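In the working numbering, the protein residues as written are 6 to 614.
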């Protein structure tokens with residue numbers, strides 16, 4: 006599928022050496038490209054206070070779509086000055102940034118609009134970046150803003166990279182005397198330097214054998230207007246809504262006990278005098294919903310509802326995209342739980358590459374703005390490779406089949422690209438005449454994902470609310486009574502399933518467990534997935550997924566409706582808050598400052614009383 010090119014604009018500032026024109030530069034570039042964005046020719050993503058973590062996340066987020074990377078702010082020969090938080094300096098070495106950008110096969114240009122960035126050019130070109138605009142010396146804030154504005158205005162009028170550079174250069178040469186910039190004006194060097202006003206500081210650098218990139222210009226077509234092939238489309242559109250998803254998914258999970266149960270029922274009725282008996286559409290859907298774990302089945306149930314089964318429209322497409330996203334999040338949380346368990350058991354820390362650490366850092370530092378576009382597929386891909394490299398035997402046997410990560414599996418990579426594109430289309434607005442095709446093709450992609458992840462249908466879920474131990478003097482306990490809710494792949498009926506179960510060994514109380522055959526051999530998904538009713542000791546179950554963190558605490562959303570929020574903090578469910586922080590520290594290999602169980606902070610005392 007053809008996708009929109011992305012231009013990533015990143016900016017940073019410093020409260021001690023403030024650049025007044027940074028915001029103007031950001032607005033001017035976006036204004037220059039506005040017509041292309043409105044017509045869906047390209048996507049512009051801008052970050053005003055860029056950190057290393059956010060840049061790495063966004064470059065990975067727009068993998069294979071990133072065409073231009075722009076930086077505006079303080080810089081020098083070897084680094085960019087980013088922001089750890091608003092106004093707080095974070096220095097990013099060029100080698101790491103170059104290595105990251107060099108992985109982007111569609112990248113055409115890196116534009117470093119900071120002081121004296123020429124020293125970074127060789128690292129970028131050596132990493133595979135085809136063209137770089139950088140500065141030889143210090144540049145003044147207002148000139149930097151004007152040069153970039155003129156460059157993007159020229160690009161927006163069909164100029165090539167080379168032509169746009171020459172036009173921007175000509176503007177600066179023409180207007181310099183009119184600018185009347187004095188020597189003490191703010192510059193974009195990390196240290197204030199004067200420069201020769203007779204010299205134009207910008208240069209366009211490129212590989213001699215890759216000069217064709219200089220002829221690249223912005224696209225004048227939208228991927229939303231692609232010819233999808235009328236013959237194949239006509240054939241596919243004859244299929245009723247859900248037919249592809251139901252039939253393909255059912256075949257994929259034919260080894261699950263739920264599907265076998267349905268097959269035995271059909272076989273029995275045929276022998277009893279109904280030889281033509283076939284499973285009804287409702288029976289097929291019910292088997293699929295019951296086979297998959299609740300975080301997947303609850304969204305499949307919505308897709309199979311009468312309201313979303315009428316036609317391929319916007320609401321159905323939105324639910325298809327959400328079902329894919331929630332399935333990916335669920336698997337990511339499984340992998341994070343696996344890594345926490347592995348890091349807890351190991352004497353040494355996990356071996357984590359710089360790129361993997363940045364991916365994990367981006368997740369643990371998710372904020373309200375970043376969570377909507379966070380690509381869990383990319384994080385899961387990194388976690389799979391990390392687990393394989395560290396020799397971790399994963400609890401879910403099916404995940405062992407991806408030692409090189411998910412991106413190495415074409416089916417999953419294609420599906421993720423598709424659903425990212427669909428989400429982008431929903432945000433921007435999809436033309437009515439293409440909506441039916443987009444929804445149908447999304448149903449096909451979801452069916453392929455579920456077929457690939459069919460092993461999930463072998464697992465169940467349970468919530469452990471409490472554990473009772475009957476301890477007699479000098480006699481070890483022989484059983485632990487668990488008060489549980491079985492979510493066993495039939496989420497609509499969980500209210501009737503609170504029960505007691507005695508096990509020879511305890512699991513974890515107030516936890517969400519994922520298991521295959523036996524509850525005492527399970528994977529605890531807390532604190533990434535939690536159950537509020539278990540924390541409150543209330544009847545039934547209500548599972549929440551982690552979303553992001555901020556000053557208030559950890560934000561979770563209800564599995565069935567993201568508008569239903571739950572905040573965990575030092576004062577509200579402090580045990581979950583501590584678990585999350587410990588998981589973060591141990592996965593990342595940071596030192597944990599554990600205290601004796603009898604130690605309680607003043608804040609904890611207040612929360613307890």
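Ideal placement from N, C-alpha and C gives every residue a C-beta, glycine not left out.
Quick caveat: nothing in here was measured; it's all calculated off a predicted structure.
| Between the C-alpha atoms of residue 302 and residue 584, what's the straight-line distance to the nearest angstrom? | Rounded to whole angstroms, residue 302 and residue 584 show a C-alpha spacing of 27 Å.
| query | Roughly how many whole angstroms lie between the Cα atoms of residue 227 and residue 436? | reply | About 11 Å.
| message | Under DSSP, the beta strand (DSSP E) around residue 473 begins and ends at which residues? | response | For residue 473, the enclosing beta strand (DSSP E) begins and ends at 465-474.
| request: May I ask you to report which of helix, strand or coil DSSP gives residue 272? | output: Reduced to three states, the DSSP call for residue 272 is helix.
| When you compare only the Cα positions, how much space is there between residue 524 and residue 514? | Roughly 12 Å separates the two Cα atoms.
| query | Along the chain, where does the alpha helix (DSSP H) that runs through residue 27 open and close? | reply | It spans 27-37 - the alpha helix (DSSP H) in which residue 27 sits, taken as one unbroken run.
| task | With residue 419 as the anchor, note down where its alpha helix (DSSP H) starts and where it stops. | result | Where residue 419 is concerned, the enclosing alpha helix (DSSP H) stretches over 415-433.
| request: Take residue 75 as the anchor and find which of 574, 64, 315 has the nearest alpha-carbon. | output: The shortest Cα separation from residue 75 among 574, 64, 315 belongs to 64.
| query | Going by C-alpha distance, which of 86, 99, 14, 206 is nearest residue 72? | reply | Among 86, 99, 14, 206, the Cα nearest to that of residue 72 is on 14.
| field | Three-state class that DSSP yields for residue 529 in the structure shown | value | Here residue 529 sits in strand by DSSP.
| message | Is the beta carbon of residue 318 closer than 8 Å to that of residue 444? | response | If you check the CB distance, residue 444 and residue 318 come in under 8 Å.
| Closest Cα partner of residue 66 within the set 55, 382, 358, 17 | The shortest Cα separation from residue 66 among 55, 382, 358, 17 belongs to 382.
| request: Check whether the Cβ atoms of residue 128 and residue 100 lie closer than 8 Å to each other. | output: In this structure, residue 100 lies closer than 8 Å to residue 128 by Cβ.
| request: Mark residue 272 as exposed unless 16 or more other C-beta atoms lie within 10 angstroms of its C-beta, in which case mark it buried. | output: That one is exposed.
| said: Less than 6 Å between C-beta atoms, sequence neighbours within five positions excluded: which residues of the same chain meet that for residue 613? | reply: Below a pLDDT of 50, predicted positions are generally treated as unreliable, and residue 613, at 46, falls in that range; the measurement from the model is reported next regardless. For residue 613, where only same-chain residues beyond five positions count, there are no Cβ hits under 6 Å.
| message | Helix, strand or coil for residue 406? Go by DSSP, reduced to three states. | response | Assigned with DSSP and collapsed to three states, residue 406 falls in helix.
| field | Separation of residue 403 from residue 458, as counted between CA atoms | value | C-alpha separation (whole angstroms): 8 Å.
| query | If you scan the stretch 323-407 from start to end, which runs of the alpha helix (DSSP H) of 4 or more residues do you find wholly inside it? | reply | As far as the stretch 323-407 is concerned, its whole alpha helix (DSSP H) runs of at least 4 residues are 359-369, 381-394.
| request: Work out the CA separation of residue 11 and residue 473 for me, nearest whole Å. | output: Residue 473 and residue 11 have their C-alpha atoms spaced approximately 56 Å apart.
| DSSP state of residue 456, grouped into three classes? | Here residue 456 sits in helix by DSSP.
| First and last residue of the beta strand (DSSP E) that includes residue 48? | 48-52 is the span of the beta strand (DSSP E), which, as asked, contains residue 48.
| task | For residue 238, I'd like the list of residues in its chain whose CB is within less than 7 Å of its CB, leaving aside the five on either flank, ordered along the chain. | result | Its pLDDT being 45, under 50, residue 238 is placed unreliably by the model, and the measurement read from it follows with that caveat. 442.
| task | Report back the beta-carbon spacing between residue 246 and residue 310 to the nearest angstrom; my notes put them in contact at under 8 Å. | result | Not a contact, Cβ separation roughly 11 Å.
| task | Answer yes if the stretch 586-593 comes into contact with the stretch 339-358, meaning at least three C-beta pairs across the two stretches below 8 Å, and no otherwise. | result | With the cut-off at 8 Å, the stretch 339-358 and the stretch 586-593 touch.
| query | Quick check: the stretch 416-425 against the stretch 287-294, are there 3 or more CB pairs under 8 Å? | reply | Not touching, per the Cβ criterion.
| said: Only counting the same chain, and skipping five residues up and downstream in sequence, which positions put a Cβ closer than 8 Å to that of residue 372? | reply: Cβ neighbours of residue 372 beyond the five flanking positions: 553, 554, 555.
| request: Determine, using beta-carbon pairs with one atom in the stretch 148-155 and one in the stretch 28-40, whether at least three such pairs fall under 8 Å. | output: With the cut-off at 8 Å, the stretch 148-155 and the stretch 28-40 touch.
| What are the boundary residues of the alpha helix (DSSP H) that includes residue 254? | Residues 248-257.
| task | Tell me whether residue 552 sits in a helix, a strand or coil according to DSSP, three-state version. | result | The three-state secondary structure of residue 552, taken from DSSP, is strand.
| task | Would you check if the distance between the CB atom of residue 1 and the CB atom of residue 297 is smaller than 8 Å? | result | Outside the shown range of the chain (6 to 614) lies residue 1, about which nothing can therefore be said.
| Chain-order list of residues whose beta-carbon lies under 7 Å from that of residue 521 (same chain, five-residue window excluded) | The beta carbon of residue 521 lies closer than 7 Å to those of 463, 464 in the same chain, with the five residues before and after it left out.
| By Cβ distance, which residues of its chain are closer than 7 Å to residue 27, with the 5 residues on each side in sequence left out? | Here the set comprises 16, 18, 77, 78.
| message | Taking the alpha carbon of residue 579 as the reference point, which residue from 360, 357, 60, 558 has its own alpha carbon closest? | response | It is 558 whose Cα lies nearest to the Cα of residue 579.
| task | Let me know if residue 438 comes out buried or exposed under the rule of 16 or more other beta-carbons within 10 Å of its beta-carbon. | result | Residue 438 sits exposed, since fewer than 16 C-beta atoms from the chains shown fall within 10 Å of its C-beta.
| With respect to the beta strand (DSSP E) encompassing residue 573, which residues constitute its N-terminal and C-terminal limits? | For residue 573, the enclosing beta strand (DSSP E) has its first and last residue at 566-573.
| query | Hey, residue 678 and residue 427: beta-carbon distance below 8 Å or not? | reply | Absent from the structure is residue 678, since the part of the chain shown begins at 6 and ends at 614.
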